[in-house]
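Enquirer: Got a structure here, written out as structure tokens. Questions coming.
What follows is the structure, encoded as structure tokens:
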């Protein structure tokens, strides 16, 4: 199924207990595209970068089937820049620097060639930008998936609620689910969030896996137990990329297939955290991915004889 | 397979964000026995209580096939008493009161009728007591399972290490695994703990499920997403009871069957947390358990077509 990805493309500078990165390539849409291109081509990207964004990075994405007609290049301005530092447990981080730069006044334009897309993946970005993209689409995609972050809950609550009404699948982390719903129990949170619009809700719990809620059904996918989480940056975006990539490849948006999509998303995220930035995602091939998925199958597979 | 359970039988007083219990029945061996008796009878209990421990509680256990010949009754002294208060997230708690009472100088005596047991379940208790039980057994059980708590890491490190050398399966929580190994990564922690003795390691992560490590294999079982965790007290012991009960019933101590045992343990623990103390465990029947296990199967079951 044809896929539009909307999100930031950016520079990151990351500090973890294991080391410090240079100024490296990041951004939600970058991670999503690198993960999803393993499963579906083309990917129609919508984003904005500054004149400092390396041409070779754009070429590398293009070579993987990522169409960049919807990526605006503002040559006289700098790209979005984020810098953060992770704590020892890697589940919490401090933002050191956020420079919105070209992202601050981004007005997305959906190219004519992108029209008719069946899947829309809204990566973490201002809700107003997400709404603008939705409103520019002449036909509603079969499935709208959104990945959010608490930043927008604090600064753009009303617009966020408008986006949620348009969204079929919402991907958020556990803290966001609690903040969005005001409920501590994730089961209760899921019920409240369903009332806000999304028919499917994925709650990402980092090293503790992910939950998929739909009507009265719930599915759980573990994260792969890893020796080290080297750098968690982009793991959520990569999860989203694997998730949407699998749906696009299989052309199946049923609950059952979303279970598989979450396993694929978890597998992709498990690669992402092995090195800084998108480095590991650029190295892996189909065989690596299949082997990793087999590890997930082994991880949760069991046979049980009921007592009776 | 014949089963000996060693552990405390006690009084608890519990405060959670949802309410406050009276002085209720608790203790590791109590929870283990109530969970395990659904799967195997008899259970040969080793513990100590004071004169204040209600006769009807002992009778209730006896009626479920729990043999109490190894439970000493010190009529002129009080039972072990613990009181604690849970925080909002239910994953952390403060101990308010610990009165060891009869447990402080407990010298277990293994009755002759208990000899020849194939399974030994060492519930949370002083390592010296655990060692004493092991040394009194004339033939080594086929499988020794131990459940520990950080309390003994602080006060009886050397004896704890001696116990670990005798243990085949160790059940601990994530914080204990980190403390015991000095490793933050649970994968690394598992490797170090294997060198201390246990061939199988189960790391319990509460609401985040449980991991089973054995050689280079790893298996993950989720916790059931619940609306409310009403009282987590005894959930770990109940998990242990379901785990050992399943192994005893099926007479199979392979890695594959331990996967099932962990699912059963998780299912039993999911009942435990629904009410104060052992209340919920006393209510449920085989049908409740089977239905709960089916929920676990639905929770993690997926079909995936590999890409190639």
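Chains as they are written, first to last, in UniProt numbering: chain A, 1 to 308; chain B, 1 to 308.
Glycine included, every Cβ here is placed at the ideal spot set by N, Cα and C.
Every value quoted in this text rests on a predicted model; they were computed, and no experiment measured them.
Tell me residue 73 of chain B's beta-bridge partners as DSSP assigns them.
Expert: Along the second chain, read from residue 1 onward, the residue named residue 73 of chain B stands at position 73. Residue 73 of chain B pairs with B:49.
Enquirer: Spatial neighbours of residue 225 of chain A within its chain, please: C-beta separation below 6 Å, excluding the five flanking residues on both sides.
Expert: Here residue 225 of chain A refers to the residue found at position 225 when the first chain is read from its first residue. Same-chain partners within the cutoff: there are none.
Enquirer: Can you check which of these residues, B:134, B:268, B:297, is closest to residue 33 of chain B by C-alpha distance?
Expert: As a position in the second chain, residue 33 of chain B is number 33, starting the count at 1. It is B:268.
Enquirer: What's the C-alpha gap between residue 38 of chain B and residue 245 of chain B?
Expert: In the second chain, the residue the question calls residue 38 of chain B occupies position 38. In the second chain, the residue the question calls residue 245 of chain B occupies position 245. Their Cα atoms are separated by approximately 7 Å.
Enquirer: Could you tell me which chain B residues have their CB closer than 8 Å to the CB of residue 88 of chain A, listed as they occur along the chain?
Expert: One-based indexing of the first chain puts residue 88 of chain A at position 88. Chain B residues near residue 88 of chain A: 184.
Enquirer: Identify whether residue 221 of chain B lies in helix, strand or coil by the three-state DSSP scheme.
Expert: Residue numbering aside, residue 221 of chain B sits at position 221 when the second chain is read from its first letter. Three-state DSSP puts residue 221 of chain B in a strand.
Enquirer: On the criterion of 16 or more Cβ atoms from any shown chain inside 10 Å, does residue 308 of chain A qualify as buried, or is it exposed?
Expert: As a first step, residue 308 of chain A must be located in the first chain, where it is residue number 308. The predicted model places residue 308 of chain A with a pLDDT of 47, which falls under 50 and marks its position as unreliable; any figure quoted below should be read in that light. The residue in question, residue 308 of chain A, is exposed, as its Cβ has fewer than 16 Cβ neighbours within 10 Å.
Enquirer: Could you check the C-alpha separation between residue 251 of chain B and residue 201 of chain B for me, to the nearest Å?
Expert: Within the second chain, the letter at position 251 stands for residue 251 of chain B. Within the second chain, the letter at position 201 stands for residue 201 of chain B. So the two alpha carbons sit approximately 19 Å from each other.
Enquirer: Just tell me which of B:35, B:18, B:127, B:61 has its CA closest to the CA of residue 280 of chain B.
Expert: For the purposes of this step, residue 280 of chain B is identified with residue 280 of the second chain, where counting begins at 1. The candidate whose alpha carbon is nearest that of residue 280 of chain B is B:35.
Enquirer: Helix, strand or coil, according to DSSP, for residue 250 of chain A in the structure here?
Expert: The count along the first chain starts at 1 and reaches residue 250 of chain A at position 250. In the structure shown, residue 250 of chain A sits in a helix (DSSP, three-state: H, G or I).
Enquirer: Out of curiosity, what's the CA-to-CA distance linking residue 320 of chain A and residue 230 of chain A?
Expert: No answer is possible for residue 320 of chain A: the residues shown for chain A start at 1 and end at 308.
Enquirer: Buried or exposed, going by whether 16 or more other CB atoms sit within 10 Å of the CB of residue 186 of chain B?
Expert: Start at 1 with the first residue of the second chain, and residue 186 of chain B comes out as number 186. Result: buried.
Enquirer: Can you tell me the Cα-Cα spacing of residue 264 of chain B and residue 5 of chain B, whole angstroms?
Expert: For the purposes of this step, residue 264 of chain B is taken as the residue at position 264 of the second chain. For the purposes of this step, residue 5 of chain B is taken as the residue at position 5 of the second chain. Their backbone Cα atoms lie some 18 Å apart in a straight line.
Enquirer: Given residue 167 of chain A, which residues of its chain have a CB within under 6 Å of its CB, disregarding the five upstream and five downstream residues?
Expert: Locating residue 167 of chain A in the first chain gives position 167, counting from the first residue. Here the set comprises 144, 146, 197, 198.
Enquirer: In the structure shown, what three-state DSSP assignment does residue 114 of chain B receive?
Expert: On the second chain, residue 114 of chain B is found 114 positions in, with the first residue counted as 1. The answer is helix: DSSP assigns residue 114 of chain B an H, G or I state.
Enquirer: Helix, strand or coil for residue 288 of chain B? Go by DSSP, reduced to three states.
Expert: If you number the second chain from 1, residue 288 of chain B lands on position 288. Of the three classes helix, strand and coil, the one that applies to residue 288 of chain B here is helix, per DSSP.
Enquirer: So is residue 260 of chain B in contact with chain A if we call contact Cβ pairs under 8 Å?
Expert: In the second chain, counting from the first residue as 1, residue 260 of chain B sits at position 260. So, interface residue.
Enquirer: At least one CB of chain B closer than 8 Å to the CB of residue 188 of chain A: is that the case?
Expert: Counting from one through the first chain, the residue named residue 188 of chain A turns up at place 188. It does; some Cβ of chain B falls within 8 Å.
Enquirer: Are the C-beta atoms of residue 303 of chain A and some chain B residue less than 8 Å apart?
Expert: Counted from its first residue, the first chain places residue 303 of chain A at position 303. It does: the Cβ of residue 303 of chain A has a partner Cβ on chain B nearer than 8 Å.
Enquirer: Please tell me whether residue 293 of chain B has its Cβ less than 8 Å away from any Cβ of chain A.
Expert: As a first step, residue 293 of chain B is located in the second chain; it is residue number 293 there, counting from the start. Yes - at least one Cβ of chain A is within 8 Å of the one on residue 293 of chain B.
Enquirer: Residue 47 of chain B to residue 137 of chain B, Cα distance in whole Å?
Expert: For this step, residue 47 of chain B is matched to residue 47 along the second chain. For this step, residue 137 of chain B is matched to residue 137 along the second chain. Going from the Cα of residue 47 of chain B to the Cα of residue 137 of chain B covers about 16 Å.
Enquirer: Please report the Cβ distance between residue 3 of chain B and residue 119 of chain B, rounded to the nearest whole angstrom; I am assuming they are in contact, meaning their Cβ atoms lie under 8 Å.
Expert: Sequence index remark: in the second chain, residue 3 of chain B carries index 3 (1-based). Sequence index remark: in the second chain, residue 119 of chain B carries index 119 (1-based). Contact flag correct, Cβ pair sits at about 4 Å.
Enquirer: Per the contact definition of three or more C-beta pairs closer than 8 Å, is the stretch 7–24 of chain A in contact with the stretch 274–288 of chain A?
Expert: These segments touch.
Enquirer: List the DSSP bridge partners of residue 20 of chain A.
Expert: Walking along the first chain from the start, residue 20 of chain A turns up at place 20. In DSSP, residue 20 of chain A forms a bridge with A:15.
Enquirer: Which residues in the same chain have their Cβ closer than 7 Å to the Cβ of residue 40 of chain B, if we skip the five residues on either side of it in sequence?
Expert: In the second chain, the residue the question calls residue 40 of chain B occupies position 40. 3, 245, 248, 249, listed in sequence order.
Enquirer: Can you tell me whether residue 208 of chain A is helix, strand or coil according to DSSP?
Expert: Position 208 of the first chain holds residue 208 of chain A. Helix at residue 208 of chain A.
Enquirer: For residue 193 of chain A, would you say it is in contact with chain B, using Cβ-to-Cβ distances shorter than 8 Å as the test?
Expert: Numbered from its first residue, the first chain carries residue 193 of chain A at position 193. For residue 193 of chain A, the answer is no, since every Cβ of chain B falls outside 8 Å of its Cβ.
Enquirer: My output table needs one value for residue 125 of chain A: the three-state DSSP class, helix, strand or coil.
Expert: Counting from 1 along the first chain, the entry for residue 125 of chain A is found at position 125. Here residue 125 of chain A sits in coil by DSSP.
Enquirer: Could you compute how far the alpha carbon of residue 100 of chain B sits from the alpha carbon of residue 80 of chain B?
Expert: The count along the second chain starts at 1 and reaches residue 100 of chain B at position 100. The count along the second chain starts at 1 and reaches residue 80 of chain B at position 80. Distance between the alpha carbons of residue 100 of chain B and residue 80 of chain B: 5 Å.
Enquirer: Please classify residue 55 of chain A as buried or exposed, where buried requires at least 16 other C-beta atoms within 10 Å of its C-beta.
Expert: Taking the first chain and counting its residues from 1, one reaches residue 55 of chain A at position 55. Label assigned to residue 55 of chain A: exposed.
Enquirer: Going by DSSP, what residue range makes up the beta strand (DSSP E) through residue 233 of chain A?
Expert: As a position in the first chain, residue 233 of chain A is number 233, starting the count at 1. Unbroken run through residue 233 of chain A: none, as it is neither H nor E.
Enquirer: Give the straight-line distance between the Cα atoms of residue 30 of chain B and residue 71 of chain B, rounded to the nearest whole angstrom.
Expert: Counting from 1 along the second chain, the entry for residue 30 of chain B is found at position 30. Counting from 1 along the second chain, the entry for residue 71 of chain B is found at position 71. Each residue's alpha carbon lies about 11 Å from the other.
Enquirer: Taking the straight line between their C-alpha atoms, what separation do you get for residue 117 of chain B and residue 209 of chain B?
Expert: Here residue 117 of chain B corresponds to residue number 117 of the second chain, with the count starting at 1. Here residue 209 of chain B corresponds to residue number 209 of the second chain, with the count starting at 1. Looking at the two C-alpha atoms, the distance is approximately 30 Å.
Enquirer: The ligand GTP heavy atoms versus the CB of residue 291 of chain B: any closer than 7 Å?
Expert: Because no ligand of any kind appears in the structure shown, any question about the ligand GTP cannot be addressed here.
Enquirer: Against residue 161 of chain B, what residues of chain A qualify as contacts under a CB-to-CB distance less than 7 Å, listed in chain order?
Expert: Against the second chain, residue 161 of chain B aligns to sequence position 161. By Cβ distance, chain A contributes nothing, its closest Cβ being about 24 Å from residue 161 of chain B, past 7 Å.
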